[in-house]
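Residue numbers (my numbering), protein chains in the order written: chain A, 12 to 183; chain B, 288 to 974.
Glycine included, C-beta positions come from ideal geometry on N, C-alpha and C.
A quick note: this is a predicted structure, and the numbers were derived from the prediction, not measured.
Working notes for the structure below.
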Amino acid sequence: MSPENEIRAVKEVAQTNSETSITIQYLSFVLGKEEYGVDILRVQEIRSWEPVSRVPNVPPYEKGVVNLRGAIVPIIDLRERFSLSKVEYTPLTVVVVLQTGSGNHTRIMGVVVDSVSDVISIDKSEIQGAPDFGTKVSNEFINGLVSVNERMVMLLDVDKLLTLESLEQSEN
Amino acid sequence: MSIDMSQFHQVFFEECFEGLEAMESGLLSLDIGDIDSEVINTIFRAAHSIKGGSGTFGFTVVAEYTHIMETLLDEMRDGRRPVTKQAVDVLLGSVDCLREMLTSIQNEEDVNMVSAAKHQAALEIELNGSAGNAPEAVKIDKVAPIAAPLKPEEITEIDEEQGWKIAFCPYLNLLKTGNDPVRLFRELNGLGEFTSNVNIQDIPPFDELDPEECNISWELKLVTEAKEAAIREIFSWVEDDCALEITPLSKPKKVKKPKITPTAPVVEVVTATPDVVESVAKKAAVVVESDPSKNTPKASSSIRVDTDKIDTLINMVGEVVITQSMLGLIGENFTMDKVGQLKRGLAQLERHTRDLQQSVMNIRMLPISFVFSRFPRLVHDISTQLHKKITLKLVGENTEVDKAVVELINDPLVHLIRNSLDHGIEMPAERIAAGKPEMGTIELKAYHRGGHIVIEIVDDGRGMDKAKLLAKAIEKGLVDEATIMSDKQILELIFMPGFSTAEKLTDISGRGVGMDVVRRNIQSLGGNIDIISELGKGSTIAIHLPLTLAILDGQSVAVGDETYIVPLVSIIESINITEKMLNKVAGKGETFKLRSEYLPIIRMREIFNVKSGAATKSNEGVIVVVEGQGALCGFLVDELLGQQQVVIKSLEANYRRVEGVSGATILGDGSVALILDVPGLVRLSVR
Numbered sequence: 012m013s014p015e016n017e018i019r020a021v022k023e024v025a026q027t028n029s030e031t032s033i034t035i036q037y038l039s040f041v042l043g044k045e046e047y048g049v050d051i052l053r054v055q056e057i058r059s060w061e062p063v064s065r066v067p068n069v070p071p072y073e074k075g076v077v078n079l080r081g082a083i084v085p086i087i088d089l090r091e092r093f094s095l096s097k098v099e100y101t102p103l104t105v106v107v108v109l110q111t112g113s114g115n116h117t118r119i120m121g122v123v124v125d126s127v128s129d130v131i132s133i134d135k136s137e138i139q140g141a142p143d144f145g146t147k148v149s150n151e152f153i154n155g156l157v158s159v160n161e162r163m164v165m166l167l168d169v170d171k172l173l174t175l176e177s178l179e180q181s182e183n
Numbered sequence: 288m289s290i291d292m293s294q295f296h297q298v299f300f301e302e303c304f305e306g307l308e309a310m311e312s313g314l315l316s317l318d319i320g321d322i323d324s325e326v327i328n329t330i331f332r333a334a335h336s337i338k339g340g341s342g343t344f345g346f347t348v349v350a351e352y353t354h355i356m357e358t359l360l361d362e363m364r365d366g367r368r369p370v371t372k373q374a375v376d377v378l379l380g381s382v383d384c385l386r387e388m389l390t391s392i393q394n395e396e397d398v399n400m401v402s403a404a405k406h407q408a409a410l411e412i413e414l415n416g417s418a419g420n421a422p423e424a425v426k427i428d429k430v431a432p433i434a435a436p437l438k439p440e441e442i443t444e445i446d447e448e449q450g451w452k453i454a455f456c457p458y459l460n461l462l463k464t465g466n467d468p469v470r471l472f473r474e475l476n477g478l479g480e481f482t483s484n485v486n487i488q489d490i491p492p493f494d495e496l497d498p499e500e501c502n503i504s505w506e507l508k509l510v511t512e513a514k515e516a517a518i519r520e521i522f523s524w525v526e527d528d529c530a531l532e533i534t535p536l537s538k539p540k541k542v543k544k545p546k547i548t549p550t551a552p553v554v555e556v557v558t559a560t561p562d563v564v565e566s567v568a569k570k571a572a573v574v575v576e577s578d579p580s581k582n583t584p585k586a587s588s589s590i591r592v593d594t595d596k597i598d599t600l601i602n603m604v605g606e607v608v609i610t611q612s613m614l615g616l617i618g619e620n621f622t623m624d625k626v627g628q629l630k631r632g633l634a635q636l637e638r639h640t641r642d643l644q645q646s647v648m649n650i651r652m653l654p655i656s657f658v659f660s661r662f663p664r665l666v667h668d669i670s671t672q673l674h675k676k677i678t679l680k681l682v683g684e685n686t687e688v689d690k691a692v693v694e695l696i697n698d699p700l701v702h703l704i705r706n707s708l709d710h711g712i713e714m715p716a717e718r719i720a721a722g723k724p725e726m727g728t729i730e731l732k733a734y735h736r737g738g739h740i741v742i743e744i745v746d747d748g749r750g751m752d753k754a755k756l757l758a759k760a761i762e763k764g765l766v767d768e769a770t771i772m773s774d775k776q777i778l779e780l781i782f783m784p785g786f787s788t789a790e791k792l793t794d795i796s797g798r799g800v801g802m803d804v805v806r807r808n809i810q811s812l813g814g815n816i817d818i819i820s821e822l823g824k825g826s827t828i829a830i831h832l833p834l835t836l837a838i839l840d841g842q843s844v845a846v847g848d849e850t851y852i853v854p855l856v857s858i859i860e861s862i863n864i865t866e867k868m869l870n871k872v873a874g875k876g877e878t879f880k881l882r883s884e885y886l887p888i889i890r891m892r893e894i895f896n897v898k899s900g901a902a903t904k905s906n907e908g909v910i911v912v913v914e915g916q917g918a919l920c921g922f923l924v925d926e927l928l929g930q931q932q933v934v935i936k937s938l939e940a941n942y943r944r945v946e947g948v949s950g951a952t953i954l955g956d957g958s959v960a961l962i963l964d965v966p967g968l969v970r971l972s973v974r
């Protein structure tokens, strides 16, 4: 069997598998005691925290911009975005660079999280819808909940999280 | 041998459009009655190359059409025909028609035969009419439609005629141009059954005979299935040196003027006065005029660059490579005694990089005349249509601006000029009554100012009636009656969607869409638009646009721990000050007396909420005096850091627009600095 054929065969197997159970991989990270997950295909890279250039007159959770290989990329503090208590940034603080949008209109954006924990594979059927928390907690960015080893992981909708228009609206 | 001609199409079309532009500007500059033969020559040459090119590429439609234009131009060139306004108008219409044809062919659409036919009719009338025929009832051999030879299906019809009669009447100089009729006949013979009748009655007596002149003419008969085009191709070398008539065998036909090549056999003979066709042609011209606005997008965008510019570029790249390898050598086994050498190398590299950058930017710069050159035509057409007398003055056409700006500024300018023509300039009688010269003037100016290019449209027309504008706005419910508005604010009303004061709608302007679009377009280019208008005296519309969208000279300034870039072009001067030199106004605002003028002060720390850095008592600092939107203003910063060229990076690509900031750049240490938007900051501080 030629290498191409082999690859094709492997792909076919993967496809038949995915038909029976669709598995999605998520990158999970920690904010305080809460665990969140984002679609791993949206993650461009994971970097350590480095000082940003502040942008004036924007909401406090928009920390500023950094130079990512020639592109100007905004950095958003998820703790502040979700109104969690602030912590000092340490050398262990991590920035997850996420990609949003599709086609020729994609944006990249960094989110500051406490630490990255794991890559988890989740069967789509295991995902539960996010319950309505009432007005107390906004669940607009949460796609669903899943439990992994008795821990609850909240799956985030990257597109909604990174749409700045929505940031601007919620700000008003 | 088969070559794929389509690879040259793009170049051909570009050349054609350039040729058409040359023809157009030539025609417009033709002074009626006073013929500058050089101008006519230019027009003729342009027409000729279009004809030649389109023949080569098999666009017979264009080639045959251009041939008629060429005939007309040829007669003008030789002085056999006076240059009349009517003729120029017809030729201008034909230029439009050709442009339309070429655009259709370029976009691989069907050529609009109806309008082509109308133009061709007008052209032929012009050609026949003033050449001596009775002008009131010219018999035009109006083939149904005239564009018959242009339509493939018509040609097939003709093919059924099974043969051609060819009247071949060479001019005296045919032989001198190196053409041999025998060769032509031999080729014709190859097409089918060929018979010839020699006409020798013109041969002078023997003692007057010049053996180098061709005094013979022929009447040829060719029984063949070949198409007319095939026969014409054989004669293509001599068609300028002979009178050629090709008619189908079954329907022989007399043509009055030997110089005119009949475009096709007669199918229908129409009698028309030139005026009728003229007006038809005019209408067609109007249709064409409105067409380019909904132009289908051009296939690909390319730019013509001076070879000199490219050579310089290649030279510089060579220099950079040499410097780089030199630095590499130093680095390979570096010792401290090579520091001097290293420094020299780095300095060299810096210089080369800067030069390189400059010449790359240069490639994108085009003179604004690329846009301006279209307007004489526009003004000519519309003023004729409106029966107004208007001259257009162009100033500063060589001002260079980025290609992207050139492309995007055209539509807004067309709109503004149409407005000036339609609403601005009054009818001649009205102007005389108002004590103004009969001839209205529109001036189109371009100049550089402070890193911007300014384009001004100045007319000496009736100006805008502020009271009327306000009344209209209230009537339309766009503003509240109670609002008190400054003159400037009232003028700005015309930029509101749905606003129009024109009493009647015309096809030129007045539908109330437009000015808001114009403003939006200009703002999307990073520019702005201002209006000054005085009732009865005229209006000035000024557009400010950035020169380039990629690089700027910047002054970096420190505010707290943060670094910002102020565009160098907007800085007038910088002054060290102490707290005492500032004056409070109403307890809040601050001013600074610069020589005789009081400048408003903007504290960067406050406006940007800078908390970091040593909490200075701000008794010391630097005032950067900048010009923003016409007014001077002072930015109070902590320190000046240095000047450098910065590459503008968009904040919006991944982030969003931030007020007071026009973009970002990356500093030498890899960190990001924001570039200040001076006019935006001035606006921000007012709030």
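Please work out which residues of its chain come closer than 8 angstroms, Cβ to Cβ, to residue i, disregarding the five sequence neighbours upstream and downstream, and give them in chain order.
i, result
"Val766/B", "Leu757, Ala760, Met772 and Leu780"
"Phe152/A", "Leu167, Asp168, Lys171 and Leu172"
"Leu919/B", "Ile859, Leu881, Glu884, Leu886, Val912 and Val913"
"Tyr458/B", "Cys501, Asp528, Cys529 and Ala530"
"Met163/A", "Glu46, Leu156 and Val157"
"Ile838/B", "Gln644, Met648, Gln932, Val933, Val934 and Ile935"
"Ile119/A", "Gln55, Leu79, Ala82, Val84, Val108, Leu109, Gln110 and Thr111"
Quick one: what's got a C-beta closer than 6 angstroms to residue i's C-beta in the same chain, skipping five residues either side?
i, result
"Ser64/A", "Gly75 and Val76"
"Ser341/B", "Val349 and Ala350"
"Glu926/B", "Ala845"
"Gly825/B", "Asp746, Asp747, Gly748 and Gly750"
"Thr286/B", "A query on residue 286/B cannot be resolved here, the shown segment of chain B reaching from 288 to 974 and no further."
"Leu653/B", "Lys690 and Val693"
"Val49/A", "Leu38, Leu167 and Val169"
On the DSSP letters alone, give me the boundaries of the beta strand (DSSP E) that residue i sits inside.
i, result
"Phe879/B", "Gly876 to Leu881"
"Ile859/B", "Ile858 to Thr865"
"Lys952/B", "Note on identity: in this sequence residue 952/B is Thr, with Lys being the wrong assignment. It spans Val948 to Ile953 - the beta strand (DSSP E) in which Thr952/B sits, taken as one unbroken run."
"His739/B", "His739 to Asp746"
Could you check where the alpha helix (DSSP H) with residue i kicks off and where it finishes?
i, result
"Gly394/B", "Just to set this straight, residue 394/B is Asn in the shown sequence, not Gly. No alpha helix (DSSP H) holds Asn394/B; DSSP gives it neither H nor E."
"Met613/B", "Thr594 to Glu619"
"Met356/B", "Thr347 to Arg364"
"Asn815/B", "Premise fails: Asn815/B lies in the beta strand (DSSP E), Asn815 to Glu821, not in any alpha helix (DSSP H)."
"Gly313/B", "His296 to Ser316"
If you count every other CB in all the chains shown that lies within 10 Å of the CB of residue i, and 16 or more means buried, which is it?
i, result
"Lys871/B", "exposed"
"Lys570/B", "Confidence in Lys570/B is poor, its pLDDT being 42 and thus under 50, which makes the residue's placement unreliable; the coordinate value appears in the next sentence. Under this definition Lys570/B is an exposed residue."
"Tyr352/B", "buried"
"Phe621/B", "exposed"
"Leu633/B", "exposed"
"Val853/B", "buried"
"Met802/B", "buried"
"Asn706/B", "buried"
"Asp964/B", "buried"
From the DSSP secondary-structure annotation, give me the bridge partner or partners of residue i.
i, result
"Asn415/B", "Paired residues: none, contrary to the question."
"Trp505/B", "Phe455/B and Val485/B"
"Thr770/B", "Its beta-bridge partners do not exist; DSSP assigns none."
"Tyr851/B", "Val844/B and Leu961/B"
I'd like to confirm something about residue i: is its beta-carbon nearer than 6 angstroms to some heavy atom of the ligand MG, or not?
i, result
"Val76/A", "In the structure shown, the ligand MG is absent, as is every other ligand, since no ligand is present at all."
Excluding the 5 residues flanking residue i on each side, which residues of the same chain have their C-beta closer than 7 angstroms to its C-beta?
i, result
"Ile51/A", "Gln36, Tyr37, Leu38 and Val130"
"Ile330/B", "Met310, Gly313, Leu314 and Leu360"
Examine chain D for any beta-carbon lying closer than 7 angstroms to the beta-carbon of residue i, and answer yes or no.
i, result
"Val959/B", "This model lacks chain D altogether; the protein chains it does include are A and B."
Notebook entry, point to check: When you check each C-beta in the region 925-957 of chain B against every C-beta of chain A, which residues fall closer than 8 angstroms?
Noted result: Lys936, Ser937, Leu938, Ala940, Asn941, Tyr942, Arg943, Val945, Glu946, Gly947, Val948, Ala951, Ile953 and Gly957
Margin query: So if I threshold CB-CB distances at 7 angstroms, which residues from the region 43-68 of chain A count as touching chain B?
Written below: Ser64, Arg65, Val66, Pro67 and Asn68
Margin query: Please identify, using Cβ separations under 7 angstroms, the residues of the region 842-854 of chain B that lie next to chain A, in order along the chain.
Written below: Glu849
Next item on the list: Using a Cβ-Cβ cut-off of less than 8 angstroms, give me the residues of the region 82-94 of chain A that come near chain B, in sequence order.
Entry: Ala82, Ile83, Val84 and Pro85
Item checked: Positions along the region 881-896 of chain B whose CB lies within less than 8 angstroms of some CB in chain A -> Ile894, Phe895 and Asn896
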